[in-house]
Structures are given as structure tokens and as C-alpha cells.
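Residue numbering for the sequence shown follows the UniProt record's numbering, starting at 1 and increasing by one per position. All C-beta atoms in this analysis are idealised placements derived from N, C-alpha and C, irrespective of residue type, glycine included. Since this is a predicted model, take the numbers as computed values, not measurements.
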Amino acid sequence: MRLLWRVFWLNALVAMVATILLMIGPWTVSAPIRFTEAVILVAGMGSLLAANAVLLRWGLAPLDRLTQVMTTIDLLRPGQRLEATGSAEMTALISTFNQMLDRLEVERGTSSARALSAQEDERRRIAQELHDEIGQRLTAVLLDLKRLTDQAPEPMRADMRQVQEITRGSLDEVRTIVHRLRPGVLEDLGLLSALTALTNQFDTHTGLKVRRELGADLPELSTQSELVIYRIAQESLTNAARHAGATAADLELVPGHGGVTLHVRDNGTGITGLREGAGIRGMRERALLIGAQLTITSRPGQGTRVSLHVPVPTERGIP
Numbered sequence: 001m002r003l004l005w006r007v008f009w010l011n012a013l014v015a016m017v018a019t020i021l022l023m024i025g026p027w028t029v030s031a032p033i034r035f036t037e038a039v040i041l042v043a044g045m046g047s048l049l050a051a052n053a054v055l056l057r058w059g060l061a062p063l064d065r066l067t068q069v070m071t072t073i074d075l076l077r078p079g080q081r082l083e084a085t086g087s088a089e090m091t092a093l094i095s096t097f098n099q100m101l102d103r104l105e106v107e108r109g110t111s112s113a114r115a116l117s118a119q120e121d122e123r124r125r126i127a128q129e130l131h132d133e134i135g136q137r138l139t140a141v142l143l144d145l146k147r148l149t150d151q152a153p154e155p156m157r158a159d160m161r162q163v164q165e166i167t168r169g170s171l172d173e174v175r176t177i178v179h180r181l182r183p184g185v186l187e188d189l190g191l192l193s194a195l196t197a198l199t200n201q202f203d204t205h206t207g208l209k210v211r212r213e214l215g216a217d218l219p220e221l222s223t224q225s226e227l228v229i230y231r232i233a234q235e236s237l238t239n240a241a242r243h244a245g246a247t248a249a250d251l252e253l254v255p256g257h258g259g260v261t262l263h264v265r266d267n268g269t270g271i272t273g274l275r276e277g278a279g280i281r282g283m284r285e286r287a288l289l290i291g292a293q294l295t296i297t298s299r300p301g302q303g304t305r306v307s308l309h310v311p312v313p314t315e316r317g318i319p
């Protein structure tokens with residue numbers, strides 16, 4: 001039973017007992033009790049209960065709001081706070097809860113920054129090992145196969161060439177994985193070139209045709225912000241190609257509103273489930289890391305739109 005009704009029924013019990021005692025006792029009413037006196041007592045008890053219920057509902061309303069926020073709060077959507085209203089005890093409780101949210105958001109941002117930094121370092125390490133070990137060995141195998149094919153008898157050359165093509169395809173796949181893990185173009189040539197290479201990669205290796213529009217006069221962004229924009233664009237296009245069954249997508253990166261805004265739209269099936277997957281939550285964590293605002297809108301059968309606004313001024317001082 002909710003606290004409101006527990007307090008209400010306790011007060012109601014007290015009021016009913018008091019009324020019964022007045023009705024059967026000779027102290028304030030006639031004995032035997034008159035009909036008019038009983039009506040007055042019952043009306044008084046009803047008025048007392050109604051007033052009691054109204055006052056309790058008004059006094060405990062902040063607690064109901066606090067309970068609702070506590071059950072629906074999401075630290076990946078910062079800024080959700082309650083107005084401290086009500087009695088002194090209730091105001092203190094809500095203020096303490098808001099302060100706890102402040103601390104949790106700061107700690108979540110710090111832990112997310114460390115986790116994402118470790119994730120990027122691990123991706124670089126794996127990409128480097130794939131490039132240096134697997135890639136070089138496959139290249140050596142490909143060269144040996146070419147030499148052996150030239151020396152092999154004519155009946156065996158067709159089979160040797162087929163093995164060459166399989167090896168060459170494996171080498172291309174390793175290079176594609178290395179590029180996804182570690183966007184070297186982003187580090188060497190910048191965000192615009194990296195997004196161009198990303199869209200060309202989806203055009204070449206998937207059935208997703210990406211139309212891009214990249215602004216020329218973008219404000220200067222930090223390395224962390226460029227990496228977040230790239231990863232969110234990569235995740236959005238990957239979701240569109242693998243999970244949404246989209247055949248076309250638009251990618252835009254335009255300046256405005258004190259920063260830059262990334263838009264990724266597709267014509268896929270949209271998000272049908274109520275629960276967000278790990279990919280979307282990962283995008284929210286990355287956006288939270290740089291103080292950006294991420295908005296995802298989707299309707300079943302009408303595609304998905306991902307918008308990321310990165311405010312440039314707030315990124316100063318972010319490690």
C-alpha cells in the first residue's frame with residue numbers, strides 16, 4: 001500500500017473511532033442520539049477525511065514525483081532534475097537526490113571516458129597486430145603463390161590462381177577490418193577525408209548507397225570530438241546496413257548553432273523494439289563524453305534518423 005493511503009487510513013480509523021465514541025457517549029450529544037446530531041457527526045467525519053486526503057496528497061506529491069524519476073532515470077540522458085518543493089523534509093530529500101545525480105553523472109562521464117579510451121587503445125593494438133602479423137603473412141603467401149603458379153604445370157595453374165584469389169580476398173578483408181578498428185585516415189587527413197572514405201567503403205562493400213554532404217567551413221574540433229563523430233557515423237551506417245535492411249542513407253555534417261551537427265538518415269525498417277541495443281547505448285556514452293546531444297528518432301517502416309550536435313565552446317578543457 002502506498003504511503004499516502006497508509007497515512008490516510010490510519011487517520012480515517014482515528015476519526016471513525018472518535019466519531020463512534022461521540023455517538024455512543026453522553027458527553028457532547030444527546031442520549032439517545034438524535035438523527036440530526038448523527039447526520040452532523042457523519043458529515044463532520046466525511047469533511048475531516050476529505051480534507052485529510054487533500055492535504056496528504058498535496059504534501060506527498062513531491063515524493064510521488066521523486067519515485068517516478070528514480071524508476072525512470074537514465075544517466076545517458078543527463079540533466080533530469082526535480083524541483084525542490086514541499087515541506088522542509090521533502091525539499092531536503094529532493095535536493096539530496098539531485099546532488100546524487102550530479103555526482104553520478106560526473107562519475108559516469110569519467111568512467112565512460114576511461115572505458116572508451118581503453119577501447120580505442122585496444123582497437124589500435126589489435127589493428128596493428130592484424131596489419132603487421134596477419135597482413136604481412138598473407139602478403140608473403142600471396143607472393144609465394146604467384147611464384148609457384150608461374151612454375152606450376154599448365155593443368156594446375158587454374159587451381160593455383162583460384163587459391164591466389166581466395167588469399168587476396170582474405171587480405172582485403174583483413175585490411176577492411178584494420179580500417180574499421182583504426183581509422184588511419186582520420187588521424188592522417190582529418191574528419192572530412194575519414195567520412196568520405198567511410199561512405200565510399202559502404203558503397204563498395206555493402207548494398208547501402210550513401211549520399212554525403214560535408215560542410216566546408218567547419219569549426220575547429222578536438223581530436224576526441226572528431227573521433228566521436230566518426231564512430232557515431234560508422235555505427236549509424238552499420239546499423240542501417242546490417243540490421244535495418246536499408247538500401248540508401250544520407251550523411252550530413254554541417255556547422256551551426258555554436259558547433260557542428262551530424263545527421264544520418266536511412267530508409268530501413270526503423271527501430272521496432274522498445275529496448276535500445278548495445279550499439280545505441282555506446283553512441284550515447286560517446287556523446288556524453290564530449291558534452292554532445294544525441295537524438296535518435298525512428299518509426300517502424302519509415303527509417304531512422306540519428307542527429308548529433310557537438311557544441312564547440314563546451315569542449316575546451318575536456319581531456
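Exposure label - residue i; buried when at least 16 CB within 10 Å
{"i": "Met70", "result": "exposed"}
{"i": "Ala241", "result": "buried"}
{"i": "Met283", "result": "buried"}
{"i": "Pro183", "result": "buried"}
{"i": "Ala233", "result": "buried"}
{"i": "residue 349", "result": "Residue coverage of the chain in this structure runs from 1 to 319, which leaves residue 349 outside it and unanswerable."}
{"i": "Leu198", "result": "buried"}
{"i": "Leu145", "result": "buried"}
{"i": "Ile94", "result": "buried"}
{"i": "Val42", "result": "exposed"}
{"i": "Arg265", "result": "buried"}
{"i": "Ser47", "result": "exposed"}
{"i": "Ala292", "result": "buried"}
{"i": "Leu10", "result": "exposed"}
{"i": "Val54", "result": "exposed"}
{"i": "Thr304", "result": "buried"}
{"i": "Ala194", "result": "buried"}
{"i": "Ile24", "result": "exposed"}
{"i": "Pro300", "result": "exposed"}
{"i": "Asp132", "result": "exposed"}
{"i": "Leu294", "result": "buried"}
{"i": "Leu189", "result": "exposed"}
{"i": "Ser30", "result": "exposed"}
{"i": "Ala127", "result": "buried"}
{"i": "Ala118", "result": "exposed"}
{"i": "Val306", "result": "buried"}
{"i": "Asn239", "result": "buried"}
{"i": "Val14", "result": "exposed"}
C-beta contact flag for residue i and residue j at 8 Å
{"i": "Val185", "j": "Leu130", "result": "no"}
{"i": "Pro62", "j": "Met90", "result": "yes"}
{"i": "Leu288", "j": "Ser112", "result": "yes"}
{"i": "Pro155", "j": "Gly215", "result": "no"}
{"i": "Val7", "j": "Leu82", "result": "no"}
{"i": "Arg137", "j": "Thr149", "result": "no"}
{"i": "His205", "j": "Thr176", "result": "yes"}
{"i": "Glu252", "j": "His263", "result": "yes"}
{"i": "Thr196", "j": "Arg212", "result": "yes"}
{"i": "Phe97", "j": "Leu66", "result": "yes"}
Residue from the options whose Cα sits closest to the Cα of residue i
{"i": "Asp250", "options": "Glu235, Arg157, Asn267, Pro300", "result": "Asn267"}
{"i": "Thr139", "options": "Arg123, Arg157, Glu165, Met156", "result": "Glu165"}
{"i": "Val39", "options": "Ala51, Ile20, Leu55", "result": "Ile20"}
{"i": "Glu187", "options": "Leu56, Asn200, Tyr230", "result": "Tyr230"}
{"i": "Arg286", "options": "Arg299, Ile271, Arg65, Val310", "result": "Val310"}
{"i": "Glu105", "options": "Ile73, Glu120, Arg299, Gly215", "result": "Ile73"}
{"i": "Gly207", "options": "Glu173, Gln224, Ala246", "result": "Ala246"}
{"i": "Thr110", "options": "Val312, Ile290, Ser307", "result": "Ile290"}
{"i": "Leu237", "options": "Met45, Pro255, Ser222, Ile280", "result": "Ile280"}
{"i": "Ile134", "options": "Met45, Asp172, Gln162, Pro32", "result": "Asp172"}
{"i": "Arg124", "options": "Arg180, Ser222, Gly303", "result": "Arg180"}
{"i": "Leu221", "options": "Gln302, Gly258, Thr204", "result": "Gly258"}
{"i": "Thr261", "options": "Leu218, Ser298, Ser193", "result": "Leu218"}
{"i": "Leu49", "options": "Val17, Ala84, Thr96, Glu83", "result": "Val17"}
{"i": "Ala12", "options": "Ile33, Ala51, Phe35, Arg34", "result": "Ala51"}
{"i": "Leu192", "options": "Met45, Thr223, Arg65", "result": "Thr223"}
{"i": "Val312", "options": "Ser225, Leu253, Ala244", "result": "Ser225"}
{"i": "Leu308", "options": "Glu235, Gln80, Val163", "result": "Glu235"}
Alpha helix (DSSP H) segment containing residue i, residue limits
{"i": "Leu192", "result": "191-205"}
{"i": "Leu82", "result": "No alpha helix (DSSP H) holds Leu82; DSSP gives it neither H nor E."}
{"i": "Arg137", "result": "136-151"}
{"i": "Ile229", "result": "223-242"}
First and last residue of the uninterrupted beta strand (DSSP E) at residue i
{"i": "Val163", "result": "Taken as a continuous stretch (DSSP letters only), Val163 belongs to no beta strand (DSSP E), being part of the alpha helix (DSSP H) at 154-181."}
{"i": "Gly264", "result": "First, the amino acid is wrong: residue 264 is Val here, not Gly. Taken as a continuous stretch (DSSP letters only), the beta strand (DSSP E) holding Val264 covers 259-266."}
{"i": "Glu133", "result": "It is not in any beta strand (DSSP E) - Glu133 carries neither H nor E in the DSSP assignment."}
DSSP bridge partner residues for residue i (one or two, in chain order)
{"i": "Thr304", "result": "Ser298"}
{"i": "Val254", "result": "Thr261"}
{"i": "Arg212", "result": "Leu251"}
{"i": "His309", "result": "Thr261, Gln293"}
Residue i at chain D interface by Cβ criterion, 8 Å
{"i": "Thr139", "result": "The question asks about chain D, but that chain is absent: this structure has only one protein chain."}
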